[in-house]
Ligand SMILES: Cc1cc2nc3c(=O)[nH]c(=O)nc-3n(C[C@H](O)[C@H](O)[C@H](O)COP(=O)(O)OP(=O)(O)OC[C@H]3O[C@@H](n4cnc5c(N)ncnc54)[C@H](O)[C@@H]3O)c2cc1C
Ligand code: SF4
Ligand code: SF4
Ligand code: SF4
Ligand code: SF4
């Protein structure tokens, strides 16, 4: 191989890098390395002038490799690849050295951080010489979409896509659409009827020429890759349209036991909108849920409101009602996170109680009042005016609910160690409403495995980037929307659903998708068909060809993680852009 | 190779003699060889002295089949001598190729080996203090023994090797095929592994392969292995995935797991490391304790994975201070 002409660009990142790493010293060190034709530093390499500098140097100084020493490649690799491409250089002739996250941000000692930065640049220079020109490929994009879950998020996403004229398959596990919202009466903070919000959508979905709903159905398998998935769906009796699909009252129930005959669907994208389940209140013994009959959950209260009968099991109107926040949420023992909707829902209950049961006393027992969101603070203020007694309890210092004595004028007594007054307060209650939090569904791990996405420690599906890419996942073509990703209210669920649909419409509009040129390949001449690699791939990118007795990587699915490369005992698998030569060159560079 | 008879030598270094028997195992073919060739040195079968070899002109021999590893100074001396005298030198069998079973001695130092072999061993007279020495004087005479090296070398660590014929021992039909090729004079590129396949043994093994998941390792005697299914999938540690084919998969066919004597696949540097990463990749557990328990079913994994290739591995030997 001829010695390539390498350009090295050291970014100061404003002061982010330069305040710790001596960028000039890095430039001087780079200048002395074999093959380096230009080395320079600039304030912001990612800025337009920074990028233009690279483009100009490639053209004028006849560079054929580029090293950018700056931030993490996760941040700007694509930026610099584009710049290099602009100068008609193959975009994979670029290598980045991360001297920000790996140096200036994590080290205090400037001398040592500079030494490390020089080592990383040396490694990148050594490595880039072995880079091979790679071409990314275009594959056709199937415009159909599979939506999992027919809650408010799934319905919204389905309509968004169908209204744009594209086919949607909506798979709902329960025998009706609407999800958890179908169990809610009025919605906070504007007190619109949940039924109204849903009815129109369900109606349109059921009659839409571009939506095929499957009720009581389940996705059994999903194979393929972005633009080209094949899903198998088990449907009851093989009939998608199902019975009258009005929203149910009893919440999600699993589809009936009718015989299921699978349907095969070709789709280009998948939206997971499988929602949440409520926390099981009986897990907190202090509250007596399941033992004290007038301790109920928020969902049970919603049902009372919908039926227009707010009463105790004895059939009496409650005189004292207590609403208890954060049940299962914000606790070390159960879920550390806040479920986000229950504070406002609790205030909504206070309103509903005051108007349905005039003269009843409502106490609201909370930890902190979380009233973020448009209109929520205002709603809180108005609720405080309707004569609700607010009591604050401490995290993990659970109030205790017990049965009252026969002489008391109430059914139960709640002992609260009140934080603001610092006193132990006992309040009466005939009805206690537990604001149960949201948690990941019991089958979420199964869904994650099925579509190839990950879950966080609480079981919520993980987005590609929590801030910048909240509805995409690490599996291209699979999106998440609504409460399956984390607790959220209706507006946020709807926004995510529309965002996911927009992402998909963008891909459909382009007609084809670019598949990264970095993937693993199996050398057929070297593969022994031992099948060691078959089960290893976290993205199910490896298939075994039984007739040829060889394994093969489906390149569009491969994320070049390298798991199979390391495992193959035949040395038959090679990851493009991560070849042994390149990695060894990098190691030699670091250690030199 | 013209009309003149081939001049050949066969030699054993640190080995067990099995390779020589493998040559004899070619049966009547060996007689054809004898008709075509003058066997100038073959300690196991033909009378001959080192001096005869020393007196040969350089390059006088057409071919030397050298089996056995290099353990001591005598092995090295003869290897160098035969290299000089021979136009082609073939590392014959696993020991010459990669160090072989004698190479496992590299897990111990010379001192530890002497201690176990001569000083502290139930079959040794208690109190023995005699160990082999390179130089001894007896009744005023100075006696010499080959020097025992600190470690075992493979043949190409000490001399340039033209071809490698793997196997412990090499399969008789492969020996025959290689000899035929050499007689024909149409030679493969120097440095080739000959008499073996280019893919892993699983390619040659007729057992049915499914997706591999291992929950428990078992020794071959612990179960009645299914006669059809891959042994590794049944928890029997088979080195087949990390081993070159060419032997005819004789071991797995007779329900014995492959032990790896044909060495690694082309391009693979370290056979044992490859077997390690392959086997541990298919352990079916994510729980650290359970994984430890499963791995406990692999006593002496190093000895197994590097049974024939320790001196050729990245590790080469253990060093104790
Ligand atoms: C008591 C209570 C009151 C609330 N009140 C309000 C309020 O006043 N205002 C507000 O903004 N928010 C409120 N919320 C929040 C609201 O319920 C959620 O924001 C909303 O329901 C989220 O919708 P979703 O589509 O993400 O999930 P879900 O409603 O949970 O829908 C998910 C759907 O997916 C289906 N599904 C699950 N798994 C699968 C699968 N594997 N295959 C196919 N289908 C599957 C389920 O059956 C379900 O139909 C309240 C929540 C609670 C607990
Ligand atoms: S929204 Fe309010 S009640 Fe719900 S978990 Fe958060 S703080 Fe607790
Ligand atoms: S691990 Fe390697 S040799 Fe085995 S099947 Fe996979 S690619 Fe082929
Ligand atoms: S490199 Fe990773 S993602 Fe690609 S095929 Fe191998 S295991 Fe799968
Ligand atoms: S028995 Fe051994 S050689 Fe045969 S397929 Fe299984 S692992 Fe490979």
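Chains as they are written, first to last, in the numbering used here: chain H, 1 to 592; chain W, 1001 to 1321. Here a beta-carbon is modelled for each residue, glycine too, at the ideal position from N, C-alpha and C.
Counting of Cβ neighbours within 10 angstroms places residue 1224/W among the exposed residues, the total staying below 16. Using a CB distance cut-off of 8 Å, residue 1019/W does not count as an interface residue toward chain H. Within chain H, 528, 529, 530 have C-beta atoms less than 7 Å from the C-beta of residue 1202/W, given in sequence order. In its chain, beyond the 5 residues on either side, 416, 418 have a beta carbon closer than 6 Å to the beta carbon of residue 425/H. Look at residue 543/H: its C-beta is not under 8 Å from any C-beta on chain W. Residue 270/H and residue 223/H have their C-alpha atoms roughly 11 Å apart.
Closer than 9 Å at the C-beta level to chain H, one finds these residues of the region 1245 to 1275 of chain W: 1245, 1264, 1265, 1266, 1267, 1268, 1269, 1271, 1274, 1275. If you draw a straight line from the Cα of residue 541/H to the Cα of residue 1285/W, it comes to about 21 Å. The straight-line gap separating the alpha-carbon atoms of residue 82/H and residue 91/H is approximately 7 Å.
Of 1227/W, 1122/W, 1089/W, 1229/W, the smallest CA-CA separation from residue 1012/W is found for 1089/W. Check the Cα spacing between residue 387/H and each of 284/H, 359/H, 515/H, 378/H: the tightest is with 359/H. 8 Å or more divides the Cβ of residue 58/H from the Cβ of residue 9/H.
Close to chain H, meaning a Cβ-Cβ distance shorter than 9 Å, are the following residues of the region 1279 to 1300 of chain W: 1279, 1280, 1281, 1282, 1284.
Excluding sequence positions up to five before and after residue 344/H, its CB lies within less than 6 Å of the CB of 188, 189, 376, all in the same chain and listed in chain order. Under the 10 Å beta carbon count, residue 229/H is surrounded by 16 or more other beta carbons and is classified as buried. The DSSP-derived three-state label of residue 403/H is strand. Distances from the CA of residue 173/H to each of 147/H, 499/H, 440/H were compared; the closest alpha carbon is that of 147/H. The continuous beta strand (DSSP E) containing residue 39/H extends over residues 36 to 42. For residue 221/H, the closest Cβ of chain W is not nearer than 8 Å. Residue 1080/W is outside the set of residues whose beta carbon lies under 8 Å from a beta carbon in chain H. Distances from the alpha-carbon of residue 449/H to those of 378/H, 496/H, 474/H put 474/H closest. Residue nearest to residue 435/H within the set 364/H, 442/H, 71/H is 364/H (criterion: CA-CA distance). Considering only 570/H, 496/H, 447/H, the residue with the shortest C-alpha distance to residue 467/H is 496/H. Ligand 1 has a heavy atom closer than 7 Å to the beta-carbon of residue 491/H. Ranked by Cα distance from residue 592/H, the first of 109/H, 305/H, 126/H, 160/H is 126/H. Under the 8 Å criterion on CB atoms, residue 540/H is classed as non-interfacial with respect to chain W. Rounded to the nearest whole angstrom, the CA to CA distance from residue 1200/W to residue 1244/W is 5 Å.
The residue from 291/H, 112/H, 549/H with its alpha-carbon nearest to that of residue 527/H is 549/H. Look at residue 1038/W here: in three-state DSSP terms it is strand.
The Cβ atoms of residue 1087/W and residue 1061/W lie closer than 8 Å to each other. Spanning the alpha carbons of residue 1293/W and residue 1216/W requires a straight line of approximately 9 Å.
The beta carbon of residue 536/H sits closer than 8 Å to some beta carbon of chain W.
Of the residues 290/H, 282/H, 234/H, 277/H, the one whose Cα lies closest to the Cα of residue 264/H is 234/H. Judged by the Cβ position, residue 1264/W fails to qualify as a neighbour of ligand 5 at the 7 Å threshold, every heavy atom of the ligand being at least this far. In chain order, 1264, 1265, 1266, 1267, 1268, 1269, 1274 make up the part of chain W whose C-beta sits under 9 Å from the C-beta of residue 571/H. At a cut-off of 8 Å between beta carbons, residue 1171/W makes no contact with chain H.
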